[in-house]
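Below is one structure; the comments refer to it alone.
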Amino acid sequence: MKLFLEEKTVIIDNLEAPDAPIAVFGRMSTILDAFEDSGRLTLRQVVAHVGLPRSSVHRMLDQLVAKRWLRKVGREYELGMRLFELGSTVVQQNRLYAAAMPLLSELHRISGMVVHLGVLDGTDVVYLGKIGGLHAAAVPTRVGGRMAAHETALGRALLAYSENASAERDLPQSIRDDIERIRDFGLAYESGVTVAGLNCMATPIGPIGKAVAAVSICGPSSRLRLDHQSAVPLLTTATAIWQAVGQFGARSPEFGRRVRTLRSMPAAVGAWPSTCFIGDLVEL
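Using numbering that gives the first Met the number 0, the first residue of the sequence shown is number 0, and each one after it goes up by one.
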């Protein structure tokens, strides 16, 4: 066992090996992954997470700090500004994101609710966009974050039209039944699942029978009714986004009509109180 550990250490530290650059990149990626659910980590915590020798981890942390991928604060490390800069560039270059965000802003204005844009990654929903103004903090989601798809209306809307049949294979029968209903009606609902007193409604974005993304609105159950009236601007937005993606840079008359329809809808009045936090949702 001792010989194995010593040999392993030599391989890790042998940067002259032919596959060393690839191996080092993989280890650095593992180190960065350790920060996904943690704001700051000490050297000891990073070592415990990645399972590599302390000396190797310390050296790679120093390199990541030098390249601004990480930032050192005292004895702790946190994600650096270089990641934020690159991530922002990716988001801005994303065609779907660029087409959707102006329309999501209109949906937020009309509904007064928190609006999400998401895509499916395996069995998770990943949030590409979130608009909620001062009230966004009341909904426990973040751009770049992920949740199990079957636990959210946004995720179920994506699962219903996913081409990956295995994504729902191991789900409880009740959830599979709900996904089947979503296929019939094109709308997914959530009431008090993520947060007590919080309602959400979602619909897919894409050609008929498929979903490249999904859009949702979330708000207090006392103010967001899961009915046709609430669904109209949501469905209109989803259709307009898909048309914008397909005709990026060349707007069709139909796209213009749908945007005018959204803009003609009155803004929500008093949709959320001026101060609203997760604990308050039950009482709204």
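All C-beta atoms, glycine included, are put in the ideal place defined by N, C-alpha and C.
Nothing here was measured: the structure is a model prediction, and the numbers come from that model.
Residue i (DSSP reduced to helix, strand or coil)
| i | result |
| --- | --- |
| Val142 | coil |
| Pro171 | coil |
| Thr122 | coil |
| Ala210 | coil |
| Val45 | helix |
| Ser220 | coil |
| Trp271 | Reliability fails at Trp271, whose pLDDT of 37 lies under 50, so the model's placement of it is uncertain and the value that follows must be treated cautiously. Looking at Trp271 - three-state DSSP - the assignment turns out to be coil, as it is neither helix nor strand. |
| Val113 | strand |
| Gly128 | strand |
| Ile10 | The predicted model places Ile10 with a pLDDT of 36, which falls under 50 and marks its position as unreliable, so this point remains unresolved. |
Segment limits, alpha helix (DSSP H) that includes residue i
| i | result |
| --- | --- |
| Thr235 | 227–245 |
| Tyr160 | Counting along the chain, Tyr160 falls outside any alpha helix (DSSP H), and DSSP gives it neither H nor E. |
| Val64 | 53–65 |
| Glu150 | Run containing Glu150: none; DSSP gives neither H nor E here. |
| Ala97 | 94–110 |
Rounded separation between residue i and residue j - CA only
| i | j | result |
| --- | --- | --- |
| Gly25 | His115 | 32 Å |
| Gly196 | Ile216 | 14 Å |
| Arg43 | Ala156 | 41 Å |
| Val72 | Leu78 | 11 Å |
| Gly143 | Ser229 | 26 Å |
| Glu167 | Ala47 | 33 Å |
| Ala243 | Val56 | 46 Å |
| Leu223 | Thr41 | 43 Å |
| Glu105 | Arg141 | 20 Å |
| Val124 | Ser161 | 12 Å |
| Phe184 | Thr122 | 22 Å |
| Tyr188 | Phe34 | 32 Å |
| Leu69 | Met146 | 25 Å |
| Val49 | Val23 | 13 Å |
| Leu170 | Ala65 | 45 Å |
| Asp32 | Asp61 | 16 Å |
| Ser220 | Asp120 | 28 Å |
| Leu103 | Leu51 | 44 Å |
| Leu186 | Val45 | 42 Å |
Beta-carbon proximity of residue i to residue j, cut-off 8 Å
| i | j | result |
| --- | --- | --- |
| Arg53 | Glu75 | no |
| Ile240 | Ala152 | no |
| Asn198 | Leu158 | no |
| Gly131 | His107 | yes |
| Val118 | Leu127 | yes |
| Leu63 | Met27 | yes |
| Met80 | Arg67 | yes |
| Pro139 | Val194 | yes |
| Ala237 | Ile204 | yes |
First and last residue of the uninterrupted beta strand (DSSP E) at residue i
| i | result |
| --- | --- |
| Arg70 | 69–72 |
| Ser37 | That residue, Ser37, is in no beta strand (DSSP E); it is neither H nor E in DSSP. |
| Ser190 | 187–190 |
| Leu197 | 197–204 |
| Leu78 | 75–78 |
Is it the case that the stretch 126–140 contacts the stretch 171–183, given that we only count it when at least three CB pairs across the two stretches are under 8 Å? no
Do the stretch 209–222 and the stretch 167–176 make contact, defined as three or more Cβ pairs closer than 8 Å? no
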